[in-house]
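Heads up, the thing below is written out as structure tokens.
Number of protein chains: 2
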Amino acid sequence: MKPTTSEMEILQVLWEKKSCSVREVHESLNKKDVGYTTTLKLMQIMLEKGLVVRDSSSRSHIYTANITEEQTQTSFLDKMIDTVYHGSTSRLVMQALGHSNTSKEELAAIREYLETLEKS
Amino acid sequence: MKPTTSEMEILQVLWEKKSCSVREVHESLNKKDVGYTTTLKLMQIMLEKGLVVRDSSSRSHIYTANITEEQTQTSFLDKMIDTVYHGSTSRLVMQALGHSNTSKEELAAIREYLETLEKS
DNA sequence: TTGATATTACGAAACACTTCGTACATTTGA
DNA sequence: TCAAATGTACGAAGTGTTTCGTAATATCAA
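Protein chains in written order, with this note's numbering: chain P, 1 to 120; chain Z, 1 to 120.
Now the structure itself:
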């Protein structure tokens, strides 16, 4: 299951806020040029797809993500390594490190993690 | 410019073989359930988009990728870090390392690269 | 109460992607 | 030579995504 770009934006909000009405999601996104019913429709479709669940006991339905963020990240990652990097994780890692200016602290954290991986 | 999945498959062939006729690309892909004209049409659209160029001096046109593989990889990577990892490269790197079984040699290579990054 | 506001449901339009059929042109070989 | 094979061009159908308008319903406030 691979959420679309718009669906990802909505999921980000739900992951951050736990549970939300459509209105809350729509306002968090605050896309100037997109109407409320668009967000509503997207979330209804996400419900059909099983990406979210909702509590419809009150008039304004409350939505919650039905997949975890980590789950989703690794699923995107796997697909990307496969289709863009020929399965080479290390190539992806090196490019990622080289291309963005990661802070010294982050680099150190990654190195430590790497050392524990190398020991096992 | 973000190639679609089908376009990526075609680009992979072009990157590997440098220059190809539609027929060659189609056969390299050897998708059982997709006709030749589909590949042709896709490549014509890619031409319009500027993803490929072609030499049409002979009857069977010869296509060449017009973007580099590295360019494309980093463009996917940047988008992914942005939309899936909230801009956190280190989180992506850690997940990538943790999730796939990278060989000891690759891990060592990454650590060395990391150390040079830390020094600069 | 009743009119304004907020909410959901839903159909449909606009767009992009993938697929194929068909028309037409060129090459090949029997 | 001329029929078969090969190649390009292109329209159109099918599907998925994003967008919105409108209708129906519920809530709220004066």
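Every residue, glycine too, gets a C-beta built ideally from N, C-alpha and C.
Model, not experiment: these values are computed from the prediction.
- The beta carbons of Z/Ile-81 and P/Ser-100 sit closer together than 8 angstroms.
- When the alpha-carbon of P/Ala-109 is set against those of Z/Glu-106, Z/Ser-103, Z/Lys-104, Z/Leu-92, the nearest one is in Z/Leu-92.
- By the criterion of at least three beta-carbon pairs nearer than 8 angstroms, the region 33 to 42 of chain Z is not in contact with the region 60 to 78 of chain P.
- DSSP places Z/Arg-59 outside any alpha helix (DSSP H), giving it a letter other than H or E.
- Its chain contains Cys-20, Val-25, Ser-28, Leu-29 as the residues whose beta carbon lies nearer than 7 angstroms to that of P/Val-13, once the 5 sequence neighbours on both sides are disregarded; these appear in chain order.
- Listed along the chain, the chain Z residues whose CB falls inside 9 angstroms of the CB of P/Leu-92 are Gln-73, Leu-77, Leu-92, Val-93, Ala-96.
- Contact between the region 4 to 12 of chain P and the region 40 to 60 of chain P is present: 3 or more CB-CB pairs across the two stretches fall below 8 angstroms.
- The C-alpha of Z/Gln-71 lies about 46 angstroms from the C-alpha of P/Ser-56.
- Taking a C-beta distance under 8 angstroms as the contact criterion, Z/Leu-107 and P/Gln-95 do not qualify as a contact pair.
- Proximity of Z/Val-52 to chain P, defined by a Cβ-Cβ separation below 8 angstroms, is not satisfied.
- Residue contact check for P/Ile-110 against chain Z: a CB pair falls below 8 angstroms.
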